[in-house]
Amino acid sequence: MKKILFLIIISSLILASCGKDEIEEKKFYKTHTVWEWYISSKDSLLSTVQGMNVSDLSFKNPWRIKEIFVKKWDIVKSGQILATLSNEEASINYVWALNILNEIKNMWFDITSMWNDTEKIKSSIEKIYDEKLNFVKNDYEKSKINVSMAQKDLDLAKSNLKNISEMLSGTSLSNDQKIKQALNALEMAKNNLDNSKKLLDLENSNIQKNAISSLTNAYIIARNAKEYIDSILGVTSSNRYKNDDFENYLWAKDSNSKTKAETSFNLFNSQYEETYKMYSESIVGKTNIPKETLVNILNKSLTTLESLRNNLHDTKDMLDKSITSVNFDGNTLNWMKNQTSAFLWDLEQIILSPTWAWVKWSIEAIESFENSYNLKIKQLEDAYKIAAEDVNLAKTGKDIVSSDISKNIDSLKTNIVIKEESLNIAKISEEQANKNIELTKQEKASKIAEIDANLSEIKSKLSEAGSMKAEIKMNADMAVNGIESWIIRAPFDWIILDKNFDIGSVVWAWIPIFKISSNDWKYLKISFDNSVYGLSAWREVKLKDEKDWKTLTWKIISINQIQDIVTKKNYSEIQIYNENTQIWERLSVLLWKEEQEKNIIIPTNSIISKYGKPWVYSLQKGIVVFKIIKIKDSDEAFSAVEWVMIWDKIITEWKDNMVDWEKLD
């Protein structure tokens, strides 16, 4: 026979009748019509919900309990502090370590800012020297062209002197020879004029390119200096409300030095914004920039850079009048001074220097180029005209008298001397330009090496700060470990089952303070006669919650197949999945077995025990028949029996005065 097992949570349960209602045929007896229905076995059990994972929590050190934050049955979260011991020393060490770590953090930030600023300076210096190197290389190329032109001019002058001397000495030349010489001289004069125009146009273009490049690099220097000074003074809105540790120690020896530095910074900053706006609108992305526009912006930039120089001097004076402290050490102050001096060096030696291809040089180069351009072109055009006249004279066959020739001899010799000097100067310029290339490379390498040395020193400071941070962090961790050993925390989201001590109690290490349990893994301990139900481990059973009568499925996690000698019951544990069921909640459970096949069911109170056997009074056509029966199962209300038939009427009340075969009206 197949069996269906139900585990039902109830407070009380009464088996409903499976037959028809009793019919009172006469006032002195009642009957029950026999019916066929299912039978069941049940056990009512009372148990307490328990946690499957139970642990004890204790302190790692012995001391007096300072605080207890939970009570019995509290549900706690993972990491929640449950209790603490008195440990002031560890707390003091931890606070001290945190303060030191905060100071190291500020130091790390300052050193990192030094590194970033120095990297910016290095980048700016590299761009500056790269531009200078391009300039001196261009200068070298132009000097080589100048040497070539000077050599040609000298050769031409010597040729003219030779021709005039031959005419003066009486050496006669044919007309064709004279015309040929005059045409050669004309061609040479024309080539000199055309080539010079091209070279001068190229020189003008290079001067404009260098001027625009000088503006760009000047603004890089100005912007970096502006951001650096503002980070110290805190003048603009981006830095005005910051609370630097060193702010109260700047200008401590002379408060007027700060006012002066701020005033000069405001002047420089306003000029910077105005000039940069002009630069962005008139220079950036533009071609064929008018000379007047370029010179105007160069002059504005020069004024701005001069204001920056004044502000850097004021800032340096302010730093010289500052004092050091615990929050503002000497290394930081010296670094600020060095950075200010580095910006000043860049301005004095590069940006404002008239010997380099920068703002001031560009202004002078543009102004002087136009004058030299007109002068050189005028000289070459005059030479071309003279050569053209010589060609006309040669073609007309007119003789040049010796007195006229004698007058030109001295000037031609003087011209040769000038041309020779010009050639020598051009060669010297070429040699000097070549040396300038090497000097610029050496200067760049030296400056970059100096900055790299500063970066190396800053890196060393970063490493030192990192070591200090690691050491203090270790001390802080030790302090935390010390504090943690005096704290009990919840390891998981569990429930407090018991609390063994109160505040003020002196406890030893590892002695249990709390007993806790998981609130998700729960089970019941019950005992019942398993020979009736035939349950086994890991079998799922269905139940109904008496509160809402929802069907739930729980699982038997263990069952002892050997019955207890005294109680004749089997011990079992059932896992609970209902989240609303709390640990240590008392539950009344009903274990129920129902057979699938129907049985003859009669009221239990209709059964009579006689001669050691069960009997019933059956009413058949008004006559009482005393019948023996066989009981298969029974409870207080109904019994499953054999040897009676469905639809038989069984007397249930007032049957004690009846006899077998008695006829009832």
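First residue of the sequence shown: 3, per my numbering; consecutive thereafter.
All C-beta atoms in this analysis are idealised placements derived from N, C-alpha and C, irrespective of residue type, glycine included.
Keep in mind it's a predicted model, so treat the numbers as computed, not measured.
According to the DSSP assignment, Ser-57 belongs to the beta strand (DSSP E) that extends over 56-59. If you draw a straight line from the Cα of Thr-398 to the Cα of Lys-380, it is about 27 angstroms long.
Taking C-alpha positions only, Lys-527 is separated from Lys-571 by approximately 13 angstroms. The straight-line gap separating the alpha-carbon atoms of Tyr-375 and Glu-350 is approximately 30 angstroms. For Thr-86, the closest of Ile-515, Ala-539 and Glu-69 by C-alpha to C-alpha distance is Glu-69.
Contact check for Asp-322 against Ala-263 fails: the beta carbons are separated by 7 angstroms or more. The beta carbons of Leu-382 and Leu-195 sit closer together than 7 angstroms. Per DSSP, Tyr-525 is one residue of the beta strand (DSSP E) stretching across 524-530. Beta bridge pairing from DSSP links His-34 with Ile-652.
Nearest to Ala-467 by C-alpha distance, out of Arg-66, Pro-64, Ile-113 and Trp-65, is Ile-113.
Closest in alpha carbon position to Phe-628, among Ser-636, Gln-622, Asp-635 and Val-618, is Val-618. Assignment of Ile-223 by DSSP, reduced to helix, strand and coil, places it in the helix class. When the alpha-carbon of Ile-518 is set against those of Arg-541, Arg-491 and Ile-127, the nearest one is in Arg-491. Around the beta carbon of Trp-337, 16 or more other beta carbons sit within 10 angstroms, so the residue counts as buried. Straight-line measurement puts the Cα of Asp-141 at about 30 angstroms from the Cα of Glu-121.
Segment contact: the segment 61-78 against the segment 491-506, three or more CB-CB distances shorter than 8 angstroms; contact assigned.
For Tyr-619, the pairing in a beta bridge is given by DSSP as Phe-628.
Excluding sequence positions up to five before and after Trp-649, its CB lies within less than 8 angstroms of the CB of Thr-35 and Val-36, all in the same chain and listed in chain order.
With fewer than 16 other CB atoms across the displayed protein chains lying within 10 angstroms of its CB, Asp-504 is exposed. A Cβ-Cβ distance of about 16 angstroms is found for the pair Glu-575 and Thr-555, leaving them out of contact under the 8 angstroms criterion. Looking at the backbone, the Cα of Leu-395 and that of Asp-157 are separated by about 22 angstroms. Comparing C-alpha distances from Gly-506 to each of Glu-38, Gln-52 and Arg-66 shows the shortest one belongs to Arg-66. Taking the Cα of Ile-123 as reference, the smallest distance to any Cα among Ile-223, Asn-206, Ser-145 and Gln-563 is reached at Ile-223.
Taken in chain order, the complete alpha helix (DSSP H) segments of 4 residues or longer contained in the segment 255-342 are 258-284 and 293-322.
Ranked by Cα distance from Lys-318, the first of Thr-306, Phe-330, Ser-303 and Ser-343 is Ser-343. When C-alpha distances from Ile-231 are compared across Ser-215, Glu-249 and Asn-219, the shortest belongs to Glu-249.
Annotation: the continuous beta strand (DSSP E) that includes Ile-602 extends over 601-605. By the Cβ rule, the segment 288-300 does not count as touching the segment 265-275, because fewer than three pairs are nearer than 8 angstroms. The C-alpha of Ser-284 lies about 28 angstroms from the C-alpha of Leu-314. A straight line joining the alpha-carbon of Trp-512 with that of Tyr-525 spans about 28 angstroms. Look at Thr-555 here: in three-state DSSP terms it is strand. Distance from Ile-561 to Ser-538 at the Cβ level is roughly 7 angstroms; contact confirmed, criterion being Cβ atoms closer than 8 angstroms. Cβ contact annotation for Tyr-31 (same chain, cutoff 7 angstroms, sequence separation greater than five): Ile-653, Glu-655, Trp-656 and Lys-657, in chain order. Buried is the label assigned to Ser-259, since at least 16 other Cβ atoms lie within 10 Å of its Cβ. Per DSSP, the beta bridge partners of Leu-87 are Ile-67. No residue range can be given for Tyr-251, since it is assigned to no beta strand (DSSP E) and is classified by DSSP as neither H nor E.
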